[in-house]
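Protein chains in written order, with the numbering used here: chain S, 32 to 672; chain L, 32 to 672. Just so it is clear, CB atoms sit at the ideal spot from N, CA and C, and this is done for glycine as well. To keep things clear, I will list the structure first and then write my remarks on it.
Structure (structure tokens):
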């Protein structure tokens, strides 16, 4: 193939100079079947346990995608953990049930399920309704008026409650895909259950998110001097597990997946972020609640604009949205938007939530969730453990505060209240000042019947006294407010695969279609390919030495020592997204040919310099530009491939 | 503290020039209690779910240890995956049961358990016997002769079978730790069990090792052109799970842990390794089967010596033992040995096995297992799936081979045998040549009663004929032989922590003890600390700018802006093993003080150069030596700390 080969079928976002002035809503010239064939054929991913017929919802990442995952983790760790000074931890996947009882996951982490009453097949109810709507809308026999009602149902079904969905089933007479009646719907908890220890009595779950493990360490990180001040952020990268009812859409809805999560803990009265000014001018495609309710389109706005207009009231959440946009750009992802959750759509723990959605052929896919979890989780765990898991803020100067002191006579209480004494003391200590003053006044008039922990206690004046006094306070405690950016690694990589994929047509007259993945070097699974022009000495020996030199320099290298034309070898290299290929030939100039994947341009580089040049081009954080290499070394006319 | 402070309590293996001429068998001057306090106090690790009282066998790695794990993975990936061109994959932890039924884990991955018949407490039988022996040996009332028998029992108990252990319980009248009778022993499967999918009918297990997932991809890696030739190695890094009966010993026996595994696939007739010459002269402390049986000590031998003497007959296994020794040295682990498994001790799948054992205060701990799994696993999976999961070897020249052709008349078989026809054809095709010739001769004499799949079939001459013919063969297929190096990441890191730990006494007269972790920069959790000498401008602002500059250069940085003496700050830095500290003071020379952790030596480096100098010192693969920095920059007399 000549250097100037026409590149048809290439979606415009692969052009490095491409910036979206209008939000695209599909990946142009994209054939999913071709793409998936390439992914399976070159083993980017494939169903797990392939010789056993594969297991639904469980995927193996082959060498290319596994390497991309490692690159993702390196970039993420550098961008977030190191540059932001976060506390990263490594936490187990198996978690005892008491944690998920407290956090609400045992009760609420459910999908609504129905069964085909004849075949016993299971369906997630909202997905079944969605698919049923598709069928009806496409059906010419359905009257137009009915179709309008069905279109509205389809728009709403992913945020409908169980009761609303049940009602829709009856109203629209929805059947299973096989046309059978459906069973009544029921909740299905998505957590995988297991038993911890040999007794068989201690239930555990595989974590469906990393958050609880991170959040449970909030206080320990302070107490051990890891986090030296508030606010601070903790992070974790690891596996999460959801026993999906109907896994589907390749890597998008799977039963085990890797997450990279951050929990940023802050004083609820101080939600500003000191580095907010560094990201406020970044422009993102934002799709806020109002736009969604009015069926408008997302618009390109700066973070500052969104924050000022009240769409992103939490400055720290806005900061992480900006950092996420920068990170996605570093990965080479170009087509993404941030969509705010609708009020009904929010998870049980969230008070505001924006998703970074990446465009795929499955539509806009939630790949990063940025949630304001407020103080939800720690409040749950404080209640369940009765431990002090609070943060503390020192006043600049100590303050003198007038407080109401509550003095309980324990001896008299013991006699009067017996074993209820403890509950009474707890009640009096926790009671709001206003209530305490009312009790005080009432006691002056005579004994009082007081409701304490579900019991009525007879309280007399001698049991408790109240008095105002001045107290010097150096600070106050608070349950921290938490902002959580959570990255679905598999989904992001899947979207990156789709967005990097295009097809080059060969100009040799055969018009062959050749798949190319245009990954940035930082994300590319392997950095360089070494291709002897023919399997003969000395080219073969020089290629082997060069391969070893690249590998010793830490560059993941593909060596293709098979026979066959160089064009076929380049095609195989492009198909796994390797950005640079080195061809070793028989010339006497002690140089090799270095080819860039996307343009097909080639330069002649001295053999002694080529490892350094490729290392510089592939530096994950400060890559050298190809243009600089092309300017420095003589061009090589490409051979007919 | 002055630069030349005495460093007492430092085990000799922390001396960088230390080489073991005699194998040490304990970590000198080591107090485990002090060490563990430091680890917990600075949150290297701690029990998971701490606010809930902690969960036995599940640990959180705090920021320091999590970062060490990331460093471990980077070094491992570079040393094995990239430098050896391995196929790394990312594979799920949840695995359907049919895989572990085929591999033998459902039947055999058990520990033998007993219960205290009164309290119901559970014990791993071998550990209970071991602890019981400890008690008896320490008991002055036990006669010497009986003690001798008990000592022999203790030496053998970890390799005894269930029946042998049961017999010992009766013979020695072994009781529970509380003195109660024990229940009969029973096997307990160590795999965590769960259900996959919403039906509740499909059993899955959390993988207890990574091997099966890797091995099931042997053929797919070839078919997808990822592995271009034999032999090749595949790798995986990920979590494994074992529902231990009695988790203990900090990170050494836990219920969830990270493994880094390699499966090297080769033609069973070609076990040589092309890179063997590069490691054959490495000397290791080796403890072979013979030495163990004769109660001798391990000896320092070269790999070549061991291979030639027949102790390591498999050259590829020997190669990986050499590479493992190099890797442990890169990590900074100094005290390790390789112990060959005794014949009785080997896992159900292994035909030879060597463990890299690292010295800890818990004794020699198996941290890397290097097993020759031969063709065990793939043979199991071929049997279970009936798929062709074999490798192929081409002959240099095609061969003409005389084979016995078996021709079955399907029409006549159908009439004579009905639905048994398929089984008959399969039987005839698979039957060894000798047996086929015998059948041929018998059929010439008349009909034969043939046992096929548990049935007796009447076979007559017209159903099948046999004839020799010449066949051209271009190669042959084989079930590959597998060598597996498997690294327990948590155990190695735990041993690295213990081996890097020592206590420095301060010479200020207070004689304070200060913990130091002497990690190599590549493994160190953070690379540099920035310490303003006082929290005043301009030192404070310069320190903040420098911290940001280090973080932007990708160096994990600790900034200590608390008040307090510089000596206390250095102590906190040493205690988490940070190799370099930068002090920012009020001098007008635009320079900062750079301190090396182990020696306490300090040099004065221009502020503009210090980020580059620290980055060079901490380069994980080609670090600059401190001596070169000390030679280049002026020394700084250390301030009294």
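When you check each C-beta in the stretch 246-259 of chain L against every C-beta of chain S, which residues fall closer than 8 Å?
Within the stretch 246-259 of chain L, the residues whose Cβ lies closer than 8 Å to any Cβ of chain S are, in chain order, 247, 248, 250, 251, 252, 255, 256, 257 and 259.
If you reduce the DSSP assignment to three classes, tell me which class residue 516 (chain L) lands in.
In the second chain, the residue the question calls residue 516 (chain L) occupies position 485. Assigned with DSSP and collapsed to three states, residue 516 (chain L) falls in strand.
Rank S:233, S:73 and S:318 by C-alpha distance to the C-alpha of residue 253 (chain L) and give the top, closest one.
For the purposes of this step, residue 253 (chain L) is taken as residue 222 along the second chain, with counting starting at 1. Out of S:233, S:73 and S:318, S:73 has the C-alpha closest to the C-alpha of residue 253 (chain L).
Quick check: is the beta carbon of residue 125 (chain S) nearer than 8 Å to any beta carbon in chain L?
Within the first chain, residue 125 (chain S) is the residue found at index 94, counting from 1. By this cut-off, residue 125 (chain S) is an interface position.
CA-to-CA distance, residue 653 (chain S) to residue 361 (chain S), given in whole angstroms
To locate residue 361 (chain S), count along the first chain from 1; it is residue 330. To locate residue 653 (chain S), count along the first chain from 1; it is residue 622. Cα to Cα, the separation comes out at about 11 Å.
Note down the Cα distance separating residue 656 (chain S) from residue 412 (chain L), rounded to an integer number of angstroms.
For the purposes of this step, residue 656 (chain S) is taken as the residue at position 625 of the first chain. For the purposes of this step, residue 412 (chain L) is taken as the residue at position 381 of the second chain. Rounded to the nearest angstrom, the two C-alpha atoms are 48 Å apart.
With a cut-off of 8 Å, do at least 3 Cβ pairs link the stretch 419-426 of chain S to the stretch 513-524 of chain S?
Judged by Cβ distances under 8 Å, the stretch 419-426 of chain S makes no contact with the stretch 513-524 of chain S, as fewer than three pairs qualify.
For residue 298 (chain S), which residues in the same chain have their Cβ closer than 8 Å to its Cβ, ignoring the five residues on either side in sequence?
Looking up residue 298 (chain S) in the first chain gives position 267. Contacts found: 261, 262, 422, 424, 509, 511 and 512.
Selection of the stretch 132-156 of chain L by Cβ proximity to chain S, strictly under 7 Å
Residues passing the 7 Å Cβ filter: 144 and 153.
Could you give the DSSP three-state label for residue 61 (chain L): helix, strand or coil?
Position 30 of the second chain holds residue 61 (chain L). For residue 61 (chain L), the secondary structure class from DSSP, reduced to helix, strand or coil, is coil.
Please work out which residues of its chain come closer than 7 Å, Cβ to Cβ, to residue 479 (chain L), disregarding the five sequence neighbours upstream and downstream, and give them in chain order.
Indexing the second chain from 1 puts residue 479 (chain L) at position 448. Cβ neighbours of residue 479 (chain L) beyond the five flanking positions: 470, 473 and 490.
Using a C-beta to C-beta distance shorter than 8 Å, which residues of chain S count as neighbours of residue 189 (chain L)?
In the second chain, counting from the first residue as 1, residue 189 (chain L) sits at position 158. Ordered by position in chain S, no residue passes the 8 Å Cβ test against residue 189 (chain L), which lies about 19 Å from the chain.
Closer than 7 Å to a non-hydrogen atom of the ligand ZN - does that hold for the CB of residue 367 (chain L)?
Ligands displayed in this structure: none; no statement on the ligand ZN is therefore possible.
Who are the Cβ neighbours of residue 662 (chain S) in its own chain at under 6 Å, not counting the five residues just before and after it?
For the purposes of this step, residue 662 (chain S) is taken as residue 631 along the first chain, with counting starting at 1. Sequence-distant Cβ neighbours of residue 662 (chain S) in its own chain, meaning closer than 6 Å and more than five residues away, do not exist here.
Going by the DSSP bridge assignment, what does residue 499 (chain L) pair with across the sheet?
Here the question's residue 499 (chain L) lines up with position 468 in the second chain. Residue 499 (chain L) is bridged to L:435.
Would you mind giving the Cβ-Cβ distance between residue 559 (chain S) and residue 588 (chain S), rounded to the nearest angstrom? I have them listed as a contact below 8 Å.
Locating residue 559 (chain S) in the first chain gives position 528, where the first residue counts as 1. Locating residue 588 (chain S) in the first chain gives position 557, where the first residue counts as 1. With a Cβ gap of about 5 Å, residue 559 (chain S) and residue 588 (chain S) count as contacting.
I'd like to know if residue 550 (chain S) contacts chain L, where contact means its C-beta is closer than 8 Å to some C-beta of that chain.
Within the first chain, the letter at position 519 stands for residue 550 (chain S). It does not: the Cβ of residue 550 (chain S) has no partner Cβ on chain L nearer than 8 Å.
Can you find a CB in chain S that lies within less than 8 Å of the CB of residue 270 (chain L)?
Here residue 270 (chain L) refers to the residue found at position 239 when the second chain is read from its first residue. Yes, its Cβ sits closer than 8 Å to a Cβ of chain S.
Measure the C-alpha to C-alpha separation of residue 68 (chain L) and residue 251 (chain S) and round it to an integer number of angstroms.
Within the second chain, numbered from 1, the residue matching residue 68 (chain L) stands at position 37. Within the first chain, numbered from 1, the residue matching residue 251 (chain S) stands at position 220. Rounded to the nearest whole angstrom, the C-alpha separation of residue 68 (chain L) and residue 251 (chain S) is 14 Å.
Within the continuous beta strand (DSSP E) that includes residue 314 (chain S), where are the two ends?
Within the first chain, the letter at position 283 stands for residue 314 (chain S). Where residue 314 (chain S) is concerned, the enclosing beta strand (DSSP E) stretches over 314-318.
Tell me whether residue 560 (chain S) sits in a helix, a strand or coil according to DSSP, three-state version.
Along the first chain, read from residue 1 onward, the residue named residue 560 (chain S) stands at position 529. Residue 560 (chain S) falls in the strand class under three-state DSSP.
Can you tell me whether residue 414 (chain S) is buried or exposed, with buried defined as 16 or more other CB within 10 angstroms of its CB?
Start at 1 with the first residue of the first chain, and residue 414 (chain S) comes out as number 383. Burial call: exposed.
On the criterion of 16 or more Cβ atoms from any shown chain inside 10 Å, does residue 231 (chain S) qualify as buried, or is it exposed?
As a working mapping, residue 231 (chain S) is identified with position 200 in the first chain. It counts as exposed.
Does the Cβ-Cβ distance between residue 626 (chain L) and residue 611 (chain L) come in under 8 Å?
Residue 626 (chain L) sits at position 595 when you count from the first residue of the second chain. Residue 611 (chain L) sits at position 580 when you count from the first residue of the second chain. Closer than 8 Å, so yes.
Here's the rule: buried if 16 or more other CB atoms are within 10 angstroms of the residue's CB, otherwise exposed. What is residue 53 (chain S)?
On the first chain, position 22 is the one that residue 53 (chain S) refers to. The C-beta of residue 53 (chain S) has fewer than 16 other C-beta atoms within 10 Å across all chains shown, which makes the residue exposed.
Would you kindly check if the distance between the Cβ of residue 113 (chain S) and the Cβ of residue 521 (chain L) is under 8 Å?
Position 490 of the second chain, counting from 1, holds the residue named residue 521 (chain L). Position 82 of the first chain, counting from 1, holds the residue named residue 113 (chain S). No, they are not a contact pair.
From which residue to which residue does the beta strand (DSSP E) around residue 482 (chain L) run?
Here the question's residue 482 (chain L) lines up with position 451 in the second chain. It spans 479-483 - the beta strand (DSSP E) in which residue 482 (chain L) sits, taken as one unbroken run.
8 Å Cβ cutoff, residue 420 (chain L) in contact with chain S:
Taking the second chain and counting its residues from 1, the one referred to as residue 420 (chain L) is at position 389. Under the Cβ criterion of 8 Å, residue 420 (chain L) is counted among the residues facing chain S.
So with Cβ pairs under 8 Å, would you call residue 652 (chain L) a contact of chain S?
Position 621 of the second chain, counted from the first residue, corresponds to residue 652 (chain L). So yes, residue 652 (chain L) belongs to the interface.
Which two residues bound the contiguous beta strand (DSSP E) that contains residue 276 (chain L)?
Taking the first residue of the second chain as 1, we reach residue 276 (chain L) at position 245. No beta strand (DSSP E) holds residue 276 (chain L); DSSP gives it neither H nor E.
Terminal residues of the beta strand (DSSP E) in which residue 376 (chain S) lies
For the purposes of this step, residue 376 (chain S) is taken as residue 345 along the first chain, with counting starting at 1. Here residue 376 (chain S) belongs to no beta strand (DSSP E), and DSSP marks it neither H nor E.
Tell me which residues of the stretch 494-508 of chain L have at least one Cβ-Cβ distance to chain S shorter than 8 Å, keeping chain order.
Cβ contacts with chain S: none found.
Nearest-angstrom Cα distance between residue 351 (chain S) and residue 401 (chain S)?
In the first chain, residue 351 (chain S) corresponds to position 320, counting from 1. In the first chain, residue 401 (chain S) corresponds to position 370, counting from 1. Approximately 8 Å between the Cα atoms of the pair.
Run through DSSP, which three-state label would residue 510 (chain L) get?
Position 479 of the second chain holds residue 510 (chain L). Here residue 510 (chain L) carries a coil assignment [DSSP, helix/strand/coil].
In terms of DSSP beta bridges, what is residue 79 (chain L) paired with?
Along the second chain, one-based indexing puts residue 79 (chain L) at 48. Beta-bridge annotation (DSSP): residue 79 (chain L) is paired with L:86.
Consult DSSP for residue 287 (chain S) and reduce its assignment to one of helix, strand or coil.
Locating residue 287 (chain S) in the first chain gives position 256, counting from the first residue. Here residue 287 (chain S) carries a strand assignment [DSSP, helix/strand/coil].
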